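Encoded as structure tokens, the structure appears first; notes follow it.
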Amino acid sequence: APLSPPDPTNCVTSTVVTPENGTFKIECCPPAPFTDYVIPSSNNTQFRIRKAAHLVDDEYIAKYKEAIRRMKALPDDDPRSFKQQAAVHCAYCAGGYKQKGFPDKDIDVHESWLFVPFHRWYLYFFERILGSLIGDPTFALPYWNWDHPNGMRMPSIFTTDTTSPLYDPLRDSRHLAAFMDLNFDFDKEDNPHVNPTIKQINDNLATLHREFLLKTDQSDFFGAPYHAGANPHTSFGSLETVHNTIHMWTGVNPATNPKSNGENMGILYSAARDPIFYCHHSNVDRLWNVWTTQLPGGPRSNFTDQDYLETSFFFYDENKNYVRVKVKDCLDSTRLGYDYQRADLPWLNAGG
Ligand code: C2O
79 APLSPPDPTN
89 CVTSTVVTPE
99 NGTFKIECCP
109 PAPFTDYVIP
119 SSNNTQFRIR
129 KAAHLVDDEY
139 IAKYKEAIRR
149 MKALPDDDPR
159 SFKQQAAVHC
169 AYCAGGYKQK
179 GFPDKDIDVH
189 ESWLFVPFHR
199 WYLYFFERIL
209 GSLIGDPTFA
219 LPYWNWDHPN
229 GMRMPSIFTT
239 DTTSPLYDPL
249 RDSRHLAAFM
259 DLNFDFDKED
269 NPHVNPTIKQ
279 INDNLATLHR
289 EFLLKTDQSD
299 FFGAPYHAGA
309 NPHTSFGSLE
319 TVHNTIHMWT
329 GVNPATNPKS
339 NGENMGILYS
349 AARDPIFYCH
359 HSNVDRLWNV
369 WTTQLPGGPR
379 SNFTDQDYLE
389 TSFFFYDENK
399 NYVRVKVKDC
409 LDSTRLGYDY
419 QRADLPWLNA
429 GG
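Those letters in the sequence shown? Residues 79 to 430, by full-length UniProt numbering.
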């Protein structure tokens, strides 16, 4: 059977367990009854194109900042507010939901086949809320093009202006301008610097080649099946594993800052409090499209298991309606009214 949808009537206080600072409780549950979401027909005409964050122009940046500013200015109890939007992520990852019929089984959208569809729907509504706050129905999130050497650092729109609504002080300050290491983890010594060596570029590209092109099996790329009654965390797919590295690389490092657990980006409960989160996930989402449609050797398919397709999630839409959505309705992003500006894929030929 498909996993029961995380149901607001089923949500409980979440527990965050950290290696450094023990266990604490956090409240992330939403209120309200729901309706089934109907994909608006306006998606066909008001199309959104997500562009690479390092290539956007000043006009776009001003619009994006204003949209996030307005979202942050909404009252905390407005489900469209930045605070509530960030809490959605926390509820789905920190034991906020139990499976119906399996009260001792947490729901977590990470580390399984739910990873990509959950975040696709999450960004879909987040983006529509931003667009509606600035009256622009074609507003699209940018994507952090970290699979291209030109995008392998934090996009400057998030880092250079500390007064910007896109800025977050809870990041690893050594990495603000540095070239990223796709093999980074919290416990590994790193030597961040602005200008990469050829070897650093090639190492990153070789990692992407191995993790994306050479993974041809759905579970290996997306994460393993996760059915009703199962414990969460069945298995990471390689897309999620690479994405985790960038989370850790962005957040404050607990190995050098003992009071930190990796906040914001480096630990699940707080990750979505950093505006860069949504830009990061936009690229994860783009790579889902790339993997299924743009790789040599023909299309690679999505899961077709009914339990996958019928799994549902709950979100607030831009009109504050609490809606239920299903995985089967998000497999084609163009149906959801958006697509991605194409970018070169230099990792395709970077085996080594
Ligand atoms: Cu819900 Cu980047 O994780």
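C-beta atoms are modelled at their ideal positions from N, C-alpha and C, and glycine is treated no differently.
All values derive from a computational prediction rather than experimental measurement.
For aspartate 184, three-class secondary structure by DSSP: Start at 1 with the first residue of the sequence shown, and residue 184 comes out as number 106. Residue state, collapsed to three classes: strand.
Alanine 172 CB to nearest heavy atom of the ligand C2O below 7 Å: For the purposes of this step, residue 172 is taken as residue 94 along the sequence shown, with counting starting at 1. False, no ligand heavy atom lies under 7 Å from that Cβ.
Nearest residue (CA-CA) to lysine 404, options Gln384, Ala421 and Val90: By one-based count along the sequence shown, residue 404 stands at place 326. When only C-alpha atoms are compared, the closest one is Gln384.
Whole beta strand (DSSP E) elements within the region 101-177, 3-residue minimum: 126-128 and 175-177
With 16 other Cβ atoms within 10 Å as the buried cut-off, status of phenylalanine 300: Within the sequence shown, numbered from 1, the residue matching residue 300 stands at position 222. Classification for phenylalanine 300: buried.
Cβ-heavy atom distance, leucine 346 to the ligand C2O, below 7 Å: Position 268 of the sequence shown, counted from the start, is the residue given in the question as residue 346. Yes, Cβ of leucine 346 sits closer than 7 Å to a heavy atom of the ligand C2O.
Residue from Ala306, Ala165, Leu317 and Asp186 whose Cα sits closest to the Cα of phenylalanine 393: Counting from 1 along the sequence shown, the entry for residue 393 is found at position 315. Among Ala306, Ala165, Leu317 and Asp186, the Cα nearest to that of phenylalanine 393 belongs to Ala165.
Own chain partners of asparagine 122 with C-beta closer than 8 Å, once the 5 adjacent residues on each side are dropped: To locate residue 122, count along the sequence shown from 1; it is residue 44. Here the set comprises Gly415.
Touching by the beta-carbon criterion (3+ pairs, under 8 Å), the region 355-364 and the region 217-229: yes
Minimum length 3: unbroken beta strand (DSSP E) runs contained in the region 348-418: 390-394, 400-404 and 416-418
Contact belief for aspartate 154 with aspartate 246 at Cβ below 8 Å, rounded distance in angstroms: Along the sequence shown, read from residue 1 onward, the residue named residue 154 stands at position 76. Along the sequence shown, read from residue 1 onward, the residue named residue 246 stands at position 168. Actually they do not touch by this definition, with Cβ atoms about 18 Å apart.
Residues bridged to valine 94 [DSSP beta-bridge criterion]: Position 16 of the sequence shown, counting from 1, holds the residue named residue 94. Phe102.
Beta carbon of phenylalanine 262 nearer than 8 Å to that of tryptophan 327: Working through the sequence shown from its first residue, we reach residue 262 at position 184. Working through the sequence shown from its first residue, we reach residue 327 at position 249. Contact: yes.
Length of the line joining the Cα atoms of residue 434 and tyrosine 202: Since the first residue shown for the chain is 79 and the last is 430, residue 434 is missing from the structure and cannot be characterised.
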